[in-house]
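Input: a single structure, listed below in C-alpha cells.
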Amino acid sequence: MLYAIIMGIIALFIAIFALQNAAAVEVSFLVWHFSLSLALIILGCLLLGFLLASLWTLKVKAGHYMKDRKLKEQLRQLEEKKENWEARQREQVSSGRIPRMDLPRSGAKKGRTFDPSRDKDPIIKPFRPKE
1 MLYAIIMGII ALFIAIFALQ NAAAVEVSFL VWHFSLSLAL IILGCLLLGF
51 LLASLWTLKV KAGHYMKDRK LKEQLRQLEE KKENWEARQR EQVSSGRIPR
101 MDLPRSGAKK GRTFDPSRDK DPIIKPFRPK E
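So the sequence shown is residues 1 to 131, counted in the UniProt record's numbering.
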C-alpha cells in the first residue's frame with residue numbers, strides 16, 4: 001500500500017513537471033535538428049543518465065563478483081594445503097619422526113637453564129618496583 005502511495009505521488013510530480021514545461025524547444029545535436037517538448041527532453045536525459053549509471057554499476061558489480069570468485073578459489077586452495085600439511089604433521093607425530101619439544105635438543109647444554117639476569121638486551125624488560 002505504501003509503495004502505491006509513493007508511486008502515485010511521484011507520478012503526480014511528473015505530470016505537474018510535464019505540464020509546466022510543455023513548451024517546444026529546438027534541439028540540435030551534431031547533424032540532427034528537431035523540435036521537442038522541454039519536458040520530454042529533460043525526462044529523456046534523466047533516463048539516459050539512469051541507463052549509464054546502471055551500466056557503470058553493473059560493470060563494478062561484475063568486477064567485484066570476479067574478484068570474490070578468485071578469492072574464494074584461493075581460500076579453497078589454501079584450506080586444502082593446510083589440511084594436507086596437518087595430515088602430514090599428524091603422520092609424522094604418530095610415526096615418531098618429529099622430536100618432542102619438551103626434550104632437550106642435541107647440542108643444547110644439559111642442566112643449564114635460561115637466566116634472565118644475564119640477558120644483556122631483553123625484548124621485554126622486567127618490572128621491578130622501586131622500594
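Note that beta-carbon positions come from the ideal geometry of N, C-alpha and C, so glycine has one too.
Whole-angstrom distance between L55 and Y65, CA atom to CA atom: Position 65 of the sequence shown holds residue 65. Position 55 of the sequence shown holds residue 55. Approximately 15 Å between the Cα atoms of the pair.
Beta-carbon spacing of F17, I41 below 9 Å: By 1-based counting over the sequence shown, the position of residue 17 is 17. By 1-based counting over the sequence shown, the position of residue 41 is 41. Between F17 and I41, the gap from beta carbon to beta carbon reaches 9 Å or more.
Name the DSSP beta bridge partners of E26, please? As a working mapping, residue 26 is identified with position 26 in the sequence shown. DSSP lists S35 as partners of E26.
Of all the alpha helix (DSSP H) runs that stay within the bounds of the segment 33-81, which reach a length of 4 or more residues? Taking only runs of at least 4 residues, no alpha helix (DSSP H) segment lies wholly in the segment 33-81.
Which of the three DSSP states, helix, strand or coil, is assigned to I124? Here residue 124 is taken as the residue at index 124 of the sequence shown, counted from 1. Coil.
N21 (DSSP reduced to helix, strand or coil): Position 21 of the sequence shown, counted from the start, is the residue given in the question as residue 21. In the structure shown, N21 adopts coil according to DSSP, grouped into three states.
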